[in-house]
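Colleague:
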Amino acid sequence: MNDIMNLFSLNGKNAVVTGANTGLGQGICVALAAAGAHVFGVARRSCDETAAKIAAEGGQFTEVRADLSDFAAIDSILEQVHAHADRIDILVNNAGIIKRCDAIDVTPENWDAVDFLNEKMVFFLSQAVAKQWVADKKGGKIINIASMLSFQGGIRVPAYTSSKSAVMGMTKALANEWAKYGINVNAIAPGYMATNNTNQLRQDEDRSEEILARIPAGRWGTPADVGGAAIFLASDAAAYVNGYTLAVDGGWLAR
Ligand code: NAP
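All letters in the sequence shown, in the order written, are residues 387 to 641 by our numbering.
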């Protein structure tokens, strides 16, 4: 490999990815492992499918069981990872939920569930890992998963839009404070991707057609589509990229 391509290598790095059992999280795990990282996949259920995909390509994967709807998950994740790895180098805050309902009908419970996982846990897991990085002075990479709804309003998902707008804001705020410690905080804003998150949307014929017609690339995205951006932002190639939210959207925002 020539020198410039070495910048993208994740050999010897330990990467923690939340929501690793399926969807975009699985795609990110597979990509980071293919680039050389030992991936620690956090999920509340089995990651067998992700583990098998990574094993098939000779990569390293360790499952970390945790339910991120409980604040205690943070200590548990760190403990489980540190049983196998001396340090975390990369954190990808991918786990997230969406609850579709008219704004007029949103309940406090619905709001809190989305806000807790999509925003509060992203902040406090990042803080817990950053505390280790500030102490050991070796820096690290945080990649948050934002959304088109970090930029736009969306329809029937007000709590989700608020949480993902917060993720983009938080990405900038943390980058401002932590860049001086060699910590790069950035985000990926996926466009409309074919995962569980969009099942309901893709089953609604009118909305589904409307969305597809607006995507310049002419197709929904896939978990593999976010892999390259994740490798880049996790790597030394992104050493001077701070606080940026990179859209991987088939051109949706350019429209
Ligand atoms: P997904 O298939 O529904 O994946 C969501 C992941 O989050 C799953 O692994 C899920 O685990 C996990 N998760 C949910 N609640 C959890 C909890 N309490 N504890 C631990 N893990 C939990 O959807 P996805 O599209 O891959 O979503 C991944 C991220 O991308 C999310 O942040 C989403 O908002 C974002 N995103 C998606 C799209 C899209 O079009 N698909 C677009 C923009 C942004 P379970 O399988 O156990 O539920």
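Think of the CB as a built atom: it goes at the ideal place given N, C-alpha and C, for glycine as much as any other residue.
Any idea if D635 is buried or exposed, counting beta-carbon neighbours within 10 angstroms, 16 or more meaning buried?
Modeller: Buried, because 16 or more other Cβ atoms sit within 10 Å of the Cβ of D635.
Colleague: Hey, is I474 close to the ligand NAP, as in C-beta under 8 Å from one of its heavy atoms?
Modeller: I474: no, Cβ never under 8 Å from the ligand NAP.
Colleague: Is the beta carbon of G482 sitting closer than 9 Å to the one on L503?
Modeller: Closer than 9 Å, so yes.
Colleague: Between A599 and chain B, is the shortest Cβ-Cβ distance under 9 Å, so that the two count as touching?
Modeller: Checking the listed chains, one finds no chain B in this structure; it contains a single protein chain.
Colleague: At which residue ranges does the segment 412 to 461 contain complete beta strand (DSSP E) runs of 3 or more residues, listed in the order of the chain?
Modeller: Fully enclosed beta strand (DSSP E) runs of 3 or longer: 424 to 429, 446 to 451.
Colleague: Relative to the alpha-carbon of A471, which residue among I484, A441, F426 has its alpha-carbon at the smallest distance?
Modeller: Minimum Cα distance to A471 is reached at F426.
Colleague: Measure how close the beta-carbons of A429 and N407 come, nearest whole angstrom, since I'm counting them as under 8 Å.
Modeller: Rounded, the Cβ-Cβ distance is 4 Å, consistent with contact.
Colleague: With W557 as the anchor, note down where its alpha helix (DSSP H) starts and where it stops.
Modeller: As written in the sequence, residue 557 is Thr, which differs from the Trp given in the question. 544 to 564 is the span of the alpha helix (DSSP H), which, as asked, contains T557.
Colleague: Quick one: does the C-beta of S455 sit closer than 8 Å to a heavy atom of the ligand NAP?
Modeller: S455: yes, Cβ under 8 Å from the ligand NAP.
Colleague: Using beta-carbon positions only, say whether I569 and A421 come within less than 9 Å of one another.
Modeller: No.
Colleague: Should I463 and V402 be called a contact, given that it needs their Cβ atoms to be closer than 9 Å?
Modeller: Contact flag set, yes.
Colleague: State yes or no: is the C-beta of L464 nearer than 8 Å to some heavy atom of the ligand NAP?
Modeller: No, the Cβ of L464 stays beyond 8 Å of every heavy atom of the ligand NAP.
Colleague: Quick one: what's T404 bridged to in DSSP?
Modeller: Beta-bridge pairing links T404 to V428.
Colleague: Report the option in C415, R451, H468, K550 whose CA atom is closest to the CA atom of W497.
Modeller: The residue with the shortest Cα to Cα distance from W497 is K550.
Colleague: May I have the straight-line CA-CA distance separating I390 from Q586, to the nearest angstrom?
Modeller: For I390 and Q586, the distance between alpha carbons rounds to 42 Å.
Colleague: Buried or exposed: where does N388 fall if 16 or more other Cβ atoms within 10 Å of its Cβ makes it buried?
Modeller: That one is exposed.
Colleague: With a threshold of 8 Å (Cβ to nearest heavy atom), would I460 be considered close to the ligand NAP?
Modeller: The answer is no for I460.
Colleague: Could you check the C-alpha separation between G613 and F394 for me, to the nearest Å?
Modeller: So the alpha carbons of these two residues sit roughly 12 Å apart.
Colleague: Can you tell me the Cα-Cα spacing of Y578 and L454, whole angstroms?
Modeller: Straight-line Cα distance between these residues: approximately 24 Å.
Colleague: Compare the C-alpha of W606 against each of A640, T584, D475 and name the closest.
Modeller: Checking every option, the nearest Cα to that of W606 belongs to T584.
Colleague: Tell me whether L511, by its Cβ, gets closer than 8 Å to a heavy atom of the ligand NAP.
Modeller: No.
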